[in-house]
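Written below as structure tokens is the structure these notes are about.
In the numbering used here, the protein residues as written are 9 to 292.
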């Protein structure tokens with residue numbers, strides 16, 4: 009295993025918010041494989057890889073058949089923003105009976121791969137339905153688990169967007185001195201956990217530089233400014249919110265607006281993920 013970077017598997021990748029959050033938190037990560045079922049997201053993932061906005065890696069469409077045995081002993085971490093519909097208060101809350109409930113399959117991957125750490129995101133409603141199963145399962149596999157609800161509002165966004173974040177670390181690594189050595193790699197360069205902001209700033213600069221001139225899309229995060237909240241005058245740099253004809257949003261007869269809204273609506277706010285990761289890591 010190459011310890012110069014944290015090699016990870018990204019499950020239910022979505023717009024890549026968890027991965028960006030880890031980078032903002034100071035983690036030097038490299039994605040070895042993506043697991044994503046949504047065709048629109050996959051198309052954007054491939055496009056982002058081609059323009060060096062995301063790590064080039066194979067995309068597996070079904071976590072149920074993901075060949076996790078090929079990654080055993082080669083992975084530091086696993087990220088997953090697994091489907092929230094089984095637990096969301098906005099849905100029917102079918103829990104484990106919902107066909108979109110994939111955590112048991114994620115658990116199989118964890119059991120086979122044996123990563124050092126796992127970082128998950130879901131809706132706040134998961135805390136009252138399904139989380140206990142996740143906690144017990146991870147503890148059974150030998151992980152210490154910390155979790156908490158964090159909002160986009162906490163990092164300066166004009167909206168709340170409360171989400172549950174879960175960080176699990178193998179028990180033999182779950183102490184402060186080992187965390188500094190393992191989670192933040194390059195041991196001699198990362199001597200102080202509190203100095204991760206320097207790494208995060210450098211990562212953010214590289215990410216912005218790599219995206220200069222990119223076209224608008226799911227993975228375009230060149231601007232980290234928050235738009236103004238509803239009912240207030242827009243900033244000069246904001247795009248107009250006037251609703252226009254959808255003709256300009258079609259290509260070969262395909263209107264991608266619904267897919268785009270779904271992707272962004274389900275997406276992880278990177279700044280929130282970064283705060284959650286650092287806050288939960290500090291509890292070990």
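Note that the Cβ used here is the ideal one computed from N, Cα and C, for glycine as well.
1) Does DSSP put residue 56 in a helix, a strand or coil?
2) Hey, how far is the Cα of residue 265 from the Cα of residue 111?
3) Should residue 295 and residue 139 be called a contact, given that it needs their Cβ atoms to be closer than 9 Å?
4) Opposite residue 154 in the DSSP bridges: which residues?
5) How many angstroms separate the CA atom of residue 89 from the CA atom of residue 248?
6) Around the C-beta of residue 85, are 16 or more other C-beta atoms found within 10 angstroms, so that it is buried, or is it exposed?
7) Going by the beta-carbon positions, is the gap between residue 153 and residue 175 smaller than 9 Å?
8) Do the CB positions of residue 177 and residue 285 come within less than 9 Å of each other?
9) Residue 15 bridges to which residues according to DSSP?
10) Run through the stretch 89–142 for me and flag every whole alpha helix (DSSP H) of 4 or more residues, listed as ranges in chain order.
11) Let me confirm a value: residue 129 is counted as buried when at least 16 other C-beta atoms fall within 10 Å, else exposed. Which label applies?
12) Between residue 273 and the rest of its own chain, which residues show a CB-CB distance below 7 Å, the 5 nearest in sequence each way excluded?
13) What's the C-alpha gap between residue 135 and residue 146?
14) Among 233, 172 and 245, which residue has its Cα nearest to the Cα of residue 281?
15) If you reduce the DSSP assignment to three classes, tell me which class residue 86 lands in.
16) What does a CB cutoff of less than 7 Å around residue 168 pick up in its chain, not counting 5 residues either side in sequence?
17) With distances taken from CA atoms, which of 107, 106, 116 and 268 is nearest residue 52?
18) Using 10 angstroms around the beta-carbon of residue 242, count the other beta-carbons present and answer buried if the total reaches 16, otherwise exposed.
19) Where residue 278 and residue 79 are concerned, what is the direct C-alpha to C-alpha distance, given to the nearest angstrom?
20) For residue 120, which residues in the same chain have their Cβ closer than 7 Å to its Cβ, ignoring the five residues on either side in sequence?
21) Taking the alpha carbon of residue 234 as the reference point, which residue from 184, 166 and 114 has its own alpha carbon closest?
22) Is it true that the CB of residue 131 sits closer than 9 Å to the CB of residue 185?
23) With DSSP run on the structure shown, which of helix, strand or coil describes residue 43?
24) Return the CA-CA distance between residue 83 and residue 187, expressed in angstroms with no decimal places.
25) Which residues does DSSP list as the beta-bridge partners of residue 68?
26) In terms of residues, what are the limits of the alpha helix (DSSP H) holding residue 168?
27) Should residue 195 be labelled buried (16 or more other beta-carbon atoms within 10 Å of its own) or exposed?
28) From which residue to which residue does the alpha helix (DSSP H) around residue 286 run?
29) Take residue 101 and list the residues in its own chain whose beta-carbon comes closer than 8 Å to its own, dropping the five residues that flank it on each side.
30) How would you call residue 70, buried or exposed, if buried means at least 16 neighbouring beta carbons within 10 angstroms?
Based on what the coordinates show:
1) Here residue 56 refers to the residue found at position 48 of the chain shown. The answer is helix: DSSP assigns residue 56 an H, G or I state.
2) In the chain shown, the residue the question calls residue 265 occupies position 257. In the chain shown, the residue the question calls residue 111 occupies position 103. Rounded to the nearest angstrom, the two C-alpha atoms are 29 Å apart.
3) Because residue 295 is not part of the residues shown, which for the chain are 9 to 292, the question remains open.
4) Position 146 of the chain shown, counted from the first residue, corresponds to residue 154. Its beta-bridge partners are 175.
5) For the purposes of this step, residue 89 is taken as the residue at position 81 of the chain shown. For the purposes of this step, residue 248 is taken as the residue at position 240 of the chain shown. Going by the C-alpha atoms only, they are around 31 Å apart.
6) If you number the chain shown from 1, residue 85 lands on position 77. Classification for residue 85: buried.
7) Looking up residue 153 in the chain shown gives position 145. Looking up residue 175 in the chain shown gives position 167. Their beta carbons are under 9 Å apart, which means residue 153 touches residue 175 by this criterion.
8) Sequence index remark: in the chain shown, residue 177 carries index 169 (1-based). Sequence index remark: in the chain shown, residue 285 carries index 277 (1-based). Between residue 177 and residue 285, the gap from beta carbon to beta carbon reaches 9 Å or more.
9) Position 7 of the chain shown, counting from 1, holds the residue named residue 15. Bridge partners of residue 15: 38.
10) 111–121
11) Locating residue 129 in the chain shown gives position 121, counting from the first residue. By the 10 Å Cβ count, residue 129 comes out buried.
12) Against the chain shown, residue 273 aligns to sequence position 265. Counting only Cβ-Cβ distances below 7 Å, and skipping sequence neighbours, we find nothing.
13) The sequence position of residue 135 within the chain shown is 127, counting from 1. The sequence position of residue 146 within the chain shown is 138, counting from 1. Straight-line Cα distance between these residues: approximately 15 Å.
14) Along the chain shown, read from residue 1 onward, the residue named residue 281 stands at position 273. When only C-alpha atoms are compared, the closest one is 172.
15) Here residue 86 refers to the residue found at position 78 when the chain shown is read from its first residue. In this structure, residue 86 counts as strand in the three-state DSSP scheme.
16) Taking the first residue of the chain shown as 1, we reach residue 168 at position 160. Cβ within range, chain order: 159, 160 and 161.
17) Numbered from its first residue, the chain shown carries residue 52 at position 44. That would be 268, whose Cα lies nearest to the Cα of residue 52.
18) Residue mapping note: residue 242 aligns to position 234 of the chain shown, counting from 1. Flag for residue 242 reads exposed.
19) Here residue 278 refers to the residue found at position 270 when the chain shown is read from its first residue. Here residue 79 refers to the residue found at position 71 when the chain shown is read from its first residue. Rounded to whole angstroms, residue 278 to residue 79 spans 26 Å at the Cα level.
20) Position 112 of the chain shown, counting from 1, holds the residue named residue 120. Around residue 120: 76, 77 and 80.
21) Here the question's residue 234 lines up with position 226 in the chain shown. Of the candidates 184, 166 and 114, the one whose C-alpha sits nearest the C-alpha of residue 234 is 166.
22) Your numbering for residue 185 matches position 177 in the chain shown. Your numbering for residue 131 matches position 123 in the chain shown. Not closer than 9 Å, so no.
23) Locating residue 43 in the chain shown gives position 35, counting from the first residue. Residue 43: strand per DSSP, three-state reduction.
24) Here residue 83 is taken as the residue at index 75 of the chain shown, counted from 1. Here residue 187 is taken as the residue at index 179 of the chain shown, counted from 1. Straight-line Cα distance between these residues: approximately 16 Å.
25) Counted from its first residue, the chain shown places residue 68 at position 60. Its beta-bridge partners are 43.
26) As a working note, residue 168 is residue 160 in the chain shown. Run containing residue 168: none; DSSP gives neither H nor E here.
27) Reading the chain shown from its first residue, position 187 is the one you call residue 195. Note that residue 195 has pLDDT 43, beneath the 50 cutoff, so the model's placement of it is unreliable and the number below is only indicative. So residue 195 ends up on the exposed side.
28) Looking up residue 286 in the chain shown gives position 278. It spans 278–289 - the alpha helix (DSSP H) in which residue 286 sits, taken as one unbroken run.
29) For the purposes of this step, residue 101 is identified with residue 93 of the chain shown, where counting begins at 1. So the qualifying residues of the chain are 94, 95, 133 and 137.
30) For the purposes of this step, residue 70 is taken as the residue at position 62 of the chain shown. Under this definition residue 70 is an exposed residue.
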